[in-house]
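These protein sequence lines are chains A and B, in that order. FYI, numbering that gives the first Met the number 0 numbers position 158 of the first sequence as 157, with every residue one higher than the one before it. FYI, numbering that gives the first Met the number 0 numbers position 41 of the second sequence as 40, with every residue one higher than the one before it. Heads up, the beta-carbon is just placed ideally off N, CA and C, and yes, glycines get one too. Predicted model only: the values in this text are computed from it and were never measured. One structure below.
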Amino acid sequence: MSDSFDLDSIERRAYLIYNEDGLLDLITGFMMAFIGYYVLSTVDIPFAPFLAIFGPAVWASLKKAVTEPRIGQVKFGPGRRSRQQKVIMAFAVTVNVLLVLSFFVDTGPVFGPWRTTLSTYGVILVGSGVVSLILFTIGHFNEVSRFKQYAAISVPMFVVGHFLTDPGLDLFQRLAYALIPLGLLMMAYGLVTLWRFVRKYPKLEDVEIGG
Amino acid sequence: MWRSVVDSRSDDLPSVGDIDKLIHEPARLLLIANLYVVESADFLFLMRQTGMTFGNLSSHMSKLEAAGYIDVEKEFVGKKPNTKLNLTENGRRAFEVYRKSMQQLFTDVPSGSPTGSSGEDGNGFWSW
Chain A
0 MSDSFDLDSI ERRAYLIYNE DGLLDLITGF MMAFIGYYVL STVDIPFAPF
50 LAIFGPAVWA SLKKAVTEPR IGQVKFGPGR RSRQQKVIMA FAVTVNVLLV
100 LSFFVDTGPV FGPWRTTLST YGVILVGSGV VSLILFTIGH FNEVSRFKQY
150 AAISVPMFVV GHFLTDPGLD LFQRLAYALI PLGLLMMAYG LVTLWRFVRK
200 YPKLEDVEIG G
Chain B
0 MWRSVVDSRS DDLPSVGDID KLIHEPARLL LIANLYVVES ADFLFLMRQT
50 GMTFGNLSSH MSKLEAAGYI DVEKEFVGKK PNTKLNLTEN GRRAFEVYRK
100 SMQQLFTDVP SGSPTGSSGE DGNGFWSW
């Protein structure tokens with residue numbers, strides 16, 4: 000039996016156990032790898048809105064199917080919920096800002112001077128300034144330190160991507176070459192974390208958990 | 000002995016006899032503390048968080064429910080039974096009174112032992 004009566008620690012432990020399943024890593028990694036693959040492929044179907052809707056939906060379904068039967072259900076207080084809402088809002092705003100910016104950089108004259116800089120150092124600037132920042136934000140607000148590590152790893156990956164990719168490719172294609180391995184890395188670690196979680200918290204029979 | 004120590008220091012201090020024994024029991028204290036920091040949790044979650052067995056948790060749950068400290072709601076999620084627990088207003092208030100009493104009790108007790116070591120000073124264990 001646990002002997003800690005520090006209320007903050009108890010609340011934090013209750014929250015952190017929910018992120019021990021690695022599902023956030025799996026889904027986020029899959030989305031990044033998929034976006035990278037989509038950019039490089041010749042498929043011309045706008046997948047972004049589907050990802051934005053189905054990503055969180057699949058994550059919620061997996062939580063119900065994998066996590067809740069093993070560690071149960073909990074409803075957190077308003078403080079914790081508002082932090083989660085902030086992350087979702089930050090994510091939605093960033094995606095929308097990126098979509099608008101990418102449209103203007105591509106077509107608008109206002110961003111003309113930026114276009115040269117972006118086309119030269121875009122992989123590092125956009126990669127570190129947006130992708131790494133998103134990963135760091137997710138890690139910070141969800142208190143999942145793994146995401147801060149992904150953010151730290153992603154910076155050198157974008158730098159390497161900058162030097163290894165063909166400068167003749169457009170920015171998104173060059174970014175995609177760094178996004179795919181980063182996404183695959185997150186998926187791989189997510190799977191390992193999920194495997195550990197399933198072993199640590201086996202499903203209990205109904206009679207054991209009581210009806 | 001405790002009462003004499005407390006009484007000799009101040010009349011405002013709670014006496015040990017006033018401490019809510021229903022909450023003071025370690026397993027129930029842990030159970031209530033876990034429910035205090037969330038809105039609601041189910042039986043399985045509390046088993047995982049507290050490390051208690053089904054029988055143990057069930058027994059403490061019944062006592063707290065009988066005292067009106069927790070609400071127990073049984074429902075079916077799909078075909079499986081699910082027991083959801085949450086702290087009532089009464090339980091929340093009782094826990095807060097208990098916290099204050101314990102904090103005050105330990106704050107006003109001299110921290111040094113006769114051998115000079117301070118031991119558990121309360122900053123870690125009782126950091127509410």
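Rounded separation between residue i and residue j - CA only
i, j, result
"V36 of chain B", "A13 of chain A", "9 Å"
"N141 of chain A", "G76 of chain A", "14 Å"
"T61 of chain B", "S131 of chain A", "Note that residue 61 of chain B corresponds to Ser in the displayed sequence, not to Thr. Whole-angstrom Cα-Cα distance: 49 Å."
"L86 of chain B", "F42 of chain B", "13 Å"
"T41 of chain A", "A151 of chain A", "31 Å"
"D20 of chain A", "L124 of chain A", "32 Å"
"M0 of chain B", "F146 of chain A", "Since pLDDT at M0 of chain B reaches only 46, below the 50 mark, its modelled position is unreliable, and the value read off the structure follows with that caveat. The straight-line gap from Cα to Cα measures roughly 53 Å."
"G77 of chain B", "E95 of chain B", "36 Å"
"D165 of chain A", "F33 of chain A", "21 Å"
"I133 of chain A", "E74 of chain B", "39 Å"
"I22 of chain B", "V154 of chain A", "51 Å"
"Y17 of chain A", "S127 of chain A", "28 Å"
"V92 of chain A", "V57 of chain A", "21 Å"
"S39 of chain B", "R198 of chain A", "26 Å"
"I87 of chain A", "T106 of chain B", "42 Å"
"L117 of chain A", "Q172 of chain A", "13 Å"
"Y149 of chain A", "R92 of chain B", "43 Å"
"T136 of chain A", "I26 of chain A", "16 Å"
"A177 of chain A", "I69 of chain B", "52 Å"
"M46 of chain B", "L170 of chain A", "51 Å"
"D19 of chain B", "M185 of chain A", "49 Å"
DSSP-derived helix/strand/coil call for residue i
i, result
"L84 of chain B", "strand"
"D17 of chain B", "helix"
"K79 of chain B", "strand"
"E74 of chain B", "strand"
"L203 of chain A", "coil"
"V96 of chain A", "helix"
"V129 of chain A", "helix"
"E142 of chain A", "coil"
"R8 of chain B", "Bear in mind that a pLDDT of 48 at R8 of chain B, under 50, signals an unreliable position, so the model cannot answer this."
C-beta neighbour in chain E for residue i, strict 8 Å
i, result
"L184 of chain A", "Although the question refers to chain E, the structure presented lacks it and instead comprises the protein chains A and B."
> Between the segment 16-49 of chain B and chain A, which residues of the former have CB atoms less than 8 Å from a CB of the latter, in chain order?
Replying inline: Of all residues in the segment 16-49 of chain B, P25, A26, L28, L29, A32, N33, Y35, V36, V37, E38, S39, A40, D41, F42, L43, F44, L45, M46, R47, Q48, T49 have a Cβ within less than 8 Å of some Cβ in chain A.
> Got a sec: which bits of the segment 9-22 of chain A sit with their beta carbon under 8 Å from any beta carbon on chain B, in order along the chain?
Replying inline: Going along the segment 9-22 of chain A in chain order, one finds I9, E10, R12, A13, I16 with a Cβ nearer than 8 Å to chain B.
> Any residues in the segment 54-80 of chain A with a beta carbon nearer than 7 Å to a beta carbon of chain B? Which ones, in chain order?
Replying inline: Hits within the stretch, in order: I70, G71, Q72, V73, K74, F75, G76.
>> Going residue by residue through the segment 4-79 of chain A, where are the continuous alpha helix (DSSP H) segments of at least 4 residues, counting only ones entirely within it?
In response: With a minimum length of 4 residues, the continuous alpha helix (DSSP H) runs that stay inside the segment 4-79 of chain A are 6-15, 22-39, 47-61, 67-70.
> What are the complete alpha helix (DSSP H) segments, minimum 4 residues, inside the segment 158-201 of chain A?
Replying inline: Listed in chain order, they are 170-199.
>> When you compare the segment 41-50 of chain A with the segment 78-88 of chain A, are there three or more beta-carbon pairs, one atom per stretch, that lie closer than 8 Å?
In response: Too few Cβ pairs lie closer than 8 Å, so no.
>> With three or more beta-carbon pairs closer than 8 Å as the criterion, would you say the segment 50-65 of chain B touches the segment 95-108 of chain B?
In response: Too few Cβ pairs lie closer than 8 Å, so no.
> In the segment 186-202 of chain A, which residues sit with their C-beta less than 9 Å from some C-beta in chain B, listed in chain order?
Replying inline: Residues of the segment 186-202 of chain A with a C-beta atom less than 9 Å from some C-beta of chain B are Y200, listed in chain order.
> Quick one: complete beta strand (DSSP E) runs, 3+ long, within the segment 21-72 of chain B?
Replying inline: Complete beta strand (DSSP E) runs here, min 3: 37-41.
> Is it a yes or a no for the segment 19-31 of chain B touching the segment 86-97 of chain B, going by three-plus beta-carbon pairs under 8 Å?
Replying inline: They touch, by the three-pair rule.
>> Under 8 Å, with one C-beta from each stretch per pair, do the segment 21-32 of chain A and the segment 185-202 of chain A reach the 3-pair mark?
In response: Yes: at least three Cβ pairs fall under 8 Å.
>> Any C-beta of chain B within less than 8 Å: which residues of the segment 152-168 of chain A qualify?
In response: Hits within the stretch: zero.
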